[in-house]
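Q: Have a look at this one.
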Amino acid sequence: MIPLVAWQPEATWAWLQGSPLLGVLLTLAAYRVGRAVHHRCGRHPATQPVLVAIALVSAVLLATETSYGEYSRGGDLLAFLLGPATVALAVPLHRQAHHLRRLLLPLLVAIPLGVVVSVSTGFWLVKLLGGDEQLAITMAPKAATTPVSLVLSGDAGGIAALTAVLTIGVGIVSAVLGPWLMTLARVRHPHARGVAMGAVSHGIGTSRSLADDPEEGAFAGLAMGLTAFGTAVLLPVLLALFGA
Amino acid sequence: MTSRARPPRPASVVFLDGLLWLLGFWFVGELVVRTFGIPVPGAVIGMLGLFVALQVRRPGPRSATLAAADGLLAHLQLLFIPAGVGIVAFLAVVRDDAIPIVGALVASWAVGLVVVGWTVTLLLPRRER
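Chains A and B, in that order, are what the protein sequence lines are. Just so you know, the numbering used here puts 70 at position 70 of the first sequence, and the rest follows in order with no gaps. Just so you know, the numbering used here puts 41 at position 41 of the second sequence, and the rest follows in order with no gaps.
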């Protein structure tokens with residue numbers, strides 16, 4: 001007779017490792033902790049929930065010797081939502097659309113300039129500081145939003161997954177220090193601040209801008225979209241110019 | 001959209017409708033991008049499409065699309081966690097090349113931020129700066 005219940009921890013663990021459940025649960029829990037920490041610390045910019053959560057999830061993966069491939073079965077499910085979230089950035093922009101006509105010229109100049117500056121300083125600084133050509137290409141598209149930067153990097157001969165990590169890294173640095181640096185550089189107007197945040201630090205910078213000021217956030221979202229477009233067009237041209 | 005006689009939709013339906021619009025615009029964006037070989041993510045074209053639709057239709061404050069978008073954007077940082085955790089696969093690379101990686105990343109970010117911030121400021125009408 002087949003028993004109704006059986007003690008089978010190994011089979012359970014094997015199922016959990018193959019299922020996206022553990023990755024999603026871990027990520028959501030870490031994000032929840034990240035938000036709580038951020039709140040507890042009086043919303044101090046250094047405690048961005050995304051930073052706390054990445055540290056927590058990474059620590060759990062390293063401690064349990066779980067590979068990134070196993071984790072990303074769940075991670076990919078959450079990253080899928082970046083699609084509708086990017087579309088959703090039309091909403092804050094719609095609310096600020098009455099400012100758009102006046103910002104047309106500044107955007108047409110500042111976005112391509114920002115792309116050229118981000119790509120060329122990223123590429124040449126890596127080389128200057130002793131990195132090889134592949135690392136320089138991997139760094140070059142880091143200002144564009146993750147789904148764009150990693151594809152561009154792979155196409156150009158960089159390491160796509162590392163570009164994704166660098167892109168997130170720039171976003172976190174910017175979310176923590178961006179508003180401080182702009183105040184230091186006397187960039188005060190919310191439209192200028194928002195465009196700058198979106199142009200160099202995509203969605204993560206945009207999330208900080210949205211939290212600081214809805215006007216700033218709307219233009220960060222727009223600049224993020226335009227920078228993704230500009231990087232896709234200009235990166236191959238610039239890399240060819242650099243002889244890479 | 002303006003509804004005079006219709007009773008307000010329940011929250012569950014609002015959520016569903018909003019998500020449908022967001023996914024629908026993404027879907028159309030992907031079709032456009034892939035069909036015409038445009039080098040931009042489909043979601044960015046979807047964002048432009050939704051922006052135009054919102055400008056034309058001017059939905060009221062209780063619109064499903066606005067509610068779903070606000071809900072998703074409130075947790076935007078959550079969606080970047082998986083890509084960031086990718087660092088566990090590159091710990092050795094980051095350790096070996098720490099100076100070019102961290103140095104170039106931070107310096108390039110700072111220069112880009114300030115250049116864009118200054119450029120937009122200079123091109124704004126003088127009295128607003």
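All residues carry an ideal CB built from backbone N, CA and C; glycine is no exception.
1) Taking C-beta pairs closer than 7 Å, name the residues in chain A that B/Phe90 reaches, listed in chain order.
2) Just verifying my parser: in three-state terms, what is the DSSP assignment at A/Lys127?
3) Leaving out five residues on either side along the sequence, give the residues of the same chain with a beta carbon under 8 Å from the beta carbon of A/Val37.
4) Determine whether the Cβ of B/Ser12 lies closer than 8 Å to any Cβ atom of chain A.
5) Under three-state DSSP, which class holds A/Glu10?
6) From the DSSP output, in three-state form, read off B/Leu124 for me.
7) Any idea if A/Ala59 is buried or exposed, counting beta-carbon neighbours within 10 angstroms, 16 or more meaning buried?
8) Should A/Ile2 go down as buried or exposed, given a rule of 16 or more other Cβ atoms within 10 Å for buried?
9) Between the Cα of A/Ser72 and those of B/Ala74, B/Gly71, B/Leu79, B/Asp17, spot the shortest distance and give me the residue it belongs to.
10) At 7 Å on the CB atoms, spell out the chain A contacts of B/Phe25, in chain order.
11) Between the stretch 126-136 of chain A and the stretch 206-217 of chain A, are three or more C-beta pairs nearer than 8 Å?
12) At the 8 Å Cβ level, is B/Gly86 part of the contact set with chain A, yes or no?
13) Could you check which residue in B/Phe27, B/Pro125, B/Asp17, B/Ala43 has the C-alpha nearest to that of A/Leu82?
14) What span of residues does the alpha helix (DSSP H) with A/Ala244 cover, start to end?
15) Is B/Val111 close to chain A, meaning its C-beta is less than 8 Å from at least one C-beta of that chain?
16) For B/Trp26, does the count of other Cβ atoms within 10 angstroms reach 16, so buried, or fall short, so exposed?
17) Measure the alpha-carbon distance for A/Pro20 versus A/Gly243 and round it to whole angstroms.
18) Does DSSP classify A/His94 as helix, strand or coil?
19) Indicate whether B/Val93 and A/Leu184 have their beta-carbon atoms separated by less than 8 Å.
20) Quick check on the DSSP output: what are the complete alpha helix (DSSP H) runs of length 4 or more inside the stretch 117-201 of chain A, in order along the chain?
21) How many Å lie between A/Gly205 and A/Ala220 at the Cα?
22) The alpha helix (DSSP H) that contains B/Gln55, what's its start and end?
23) Taking three-plus beta-carbon pairs below 8 Å as touching, is the stretch 71-78 of chain B in contact with the stretch 22-36 of chain A?
24) Taking C-beta to C-beta, are A/Ser201 and A/Ser174 nearer than 8 Å?
25) Three or more C-beta pairs closer than 8 Å, one from the stretch 95-110 of chain A and one from the stretch 109-125 of chain B: is that the case here?
26) Is it true that the CB of A/Val187 sits closer than 8 Å to the CB of B/Gly112?
27) So, using beta-carbon positions, are A/Ala228 and B/Val120 closer together than 8 Å?
28) Chain A beta carbons: is any one of them nearer than 8 Å to that of B/Thr119?
29) In terms of residue numbering, what span does the alpha helix (DSSP H) encompassing B/Ala68 cover?
30) Mapping DSSP to helix, strand and coil, what is A/His39?
31) Take A/Pro190 and list the residues in its own chain whose beta-carbon comes closer than 6 Å to its own, dropping the five residues that flank it on each side.
32) How about the stretch 88-102 of chain A and the stretch 86-104 of chain B: do they share at least three Cβ pairs that are nearer than 8 Å?
33) How would you label B/Pro41, buried or exposed, when you count the other beta carbons within 10 angstroms and need 16 or more for buried?
34) Report the rounded CA-to-CA distance for B/Ala104 versus B/Ser12, giving the unit in angstroms.
35) If you follow the alpha helix (DSSP H) that B/Leu22 is in, where does it begin and where does it stop?
A: According to the structure data:
1) By 1-based counting over the second sequence, the position of residue 90 of chain B is 90. Within chain A, the residues placing a beta-carbon under 7 Å from that of B/Phe90 are Leu162, Val165, ordered along the chain.
2) For this step, residue 127 of chain A is matched to residue 127 along the first sequence. Here A/Lys127 sits in helix by DSSP.
3) Residue mapping note: residue 37 of chain A aligns to position 37 of the first sequence, counting from 1. By the criterion of a C-beta distance shorter than 8 Å, A/Val37 is surrounded in its chain by Thr47, Pro49, Val52, once the five residues flanking it on both sides are discounted.
4) Counted from its first residue, the second sequence places residue 12 of chain B at position 12. Answer no: the Cβ-Cβ gap between B/Ser12 and chain A never drops below 8 Å.
5) Taking the first sequence and counting its residues from 1, one reaches residue 10 of chain A at position 10. In this structure, A/Glu10 counts as helix in the three-state DSSP scheme.
6) Taking the second sequence and counting its residues from 1, the one referred to as residue 124 of chain B is at position 124. Looking at B/Leu124 - three-state DSSP - the assignment turns out to be coil, as it is neither helix nor strand.
7) On the first sequence, position 59 is the one that residue 59 of chain A refers to. The residue is exposed, with fewer than 16 neighbouring Cβ atoms inside 10 Å.
8) Here residue 2 of chain A refers to the residue found at position 2 of the first sequence. So A/Ile2 ends up on the exposed side.
9) Counted from its first residue, the first sequence places residue 72 of chain A at position 72. Comparing Cα positions, the closest option is B/Leu79.
10) Walking along the second sequence from the start, residue 25 of chain B turns up at place 25. The answer, in chain order, is Val87.
11) no
12) The count along the second sequence starts at 1 and reaches residue 86 of chain B at position 86. So, interface residue.
13) The count along the first sequence starts at 1 and reaches residue 82 of chain A at position 82. With distances taken between Cα atoms, A/Leu82 lies closest to B/Ala43.
14) If you number the first sequence from 1, residue 244 of chain A lands on position 244. Note, A/Ala244: premise wrong, no alpha helix (DSSP H); not H, not E.
15) Translated into positions along the second sequence, residue 111 of chain B becomes position 111. It does; some Cβ of chain A falls within 8 Å.
16) The residue given as residue 26 of chain B occupies position 26 in the second sequence. B/Trp26 comes out buried.
17) For the purposes of this step, residue 20 of chain A is taken as the residue at position 20 of the first sequence. For the purposes of this step, residue 243 of chain A is taken as the residue at position 243 of the first sequence. Computed Cα separation, rounded: 42 Å.
18) In the first sequence, counting from the first residue as 1, residue 94 of chain A sits at position 94. A/His94 falls in the helix class under three-state DSSP.
19) Position 93 of the second sequence, counted from the start, is the residue given in the question as residue 93 of chain B. Position 184 of the first sequence, counted from the start, is the residue given in the question as residue 184 of chain A. No; because the gap between Cβ atoms is not below 8 Å, this pair is not in contact.
20) 133-139, 146-156, 160-184
21) Taking the first sequence and counting its residues from 1, one reaches residue 205 of chain A at position 205. Taking the first sequence and counting its residues from 1, one reaches residue 220 of chain A at position 220. Those two C-alpha atoms are separated by around 8 Å.
22) Mapped onto the second sequence, residue 55 of chain B falls at position 55. If you look at B/Gln55, you'll find it in the alpha helix (DSSP H) that goes 42-57.
23) yes
24) For the purposes of this step, residue 201 of chain A is taken as the residue at position 201 of the first sequence. For the purposes of this step, residue 174 of chain A is taken as the residue at position 174 of the first sequence. In this structure, A/Ser174 lies closer than 8 Å to A/Ser201 by Cβ.
25) yes
26) Residue numbering aside, residue 112 of chain B sits at position 112 when the second sequence is read from its first letter. Residue numbering aside, residue 187 of chain A sits at position 187 when the first sequence is read from its first letter. Not a contact, by the Cβ cut-off of 8 Å.
27) The residue labelled residue 228 of chain A in the question sits at position 228 within the first sequence. The residue labelled residue 120 of chain B in the question sits at position 120 within the second sequence. Result no, Cβ atoms of A/Ala228 and B/Val120 do not sit closer than 8 Å.
28) Stepping through the second sequence from its first residue, residue 119 of chain B is reached at position 119. When Cβ-Cβ separations below 8 Å define contact, B/Thr119 makes contact with chain A.
29) Residue 68 of chain B sits at position 68 when you count from the first residue of the second sequence. B/Ala68 -> alpha helix (DSSP H) spans 64-74.
30) The residue you call residue 39 of chain A lines up with position 39 of the first sequence. Three-state result, A/His39: helix.
31) In the first sequence, counting from the first residue as 1, residue 190 of chain A sits at position 190. Cβ within range, chain order: Asp213, Glu215, Glu216.
32) no
33) Here residue 41 of chain B corresponds to residue number 41 of the second sequence, with the count starting at 1. Buried, by the Cβ-count rule.
34) Numbered from 1 along the second sequence, position 104 holds the residue referred to as residue 104 of chain B. Numbered from 1 along the second sequence, position 12 holds the residue referred to as residue 12 of chain B. When rounded, the distance between both Cα atoms is 47 Å.
35) On the second sequence, position 22 is the one that residue 22 of chain B refers to. 11-36 is the extent of the alpha helix (DSSP H) around B/Leu22.
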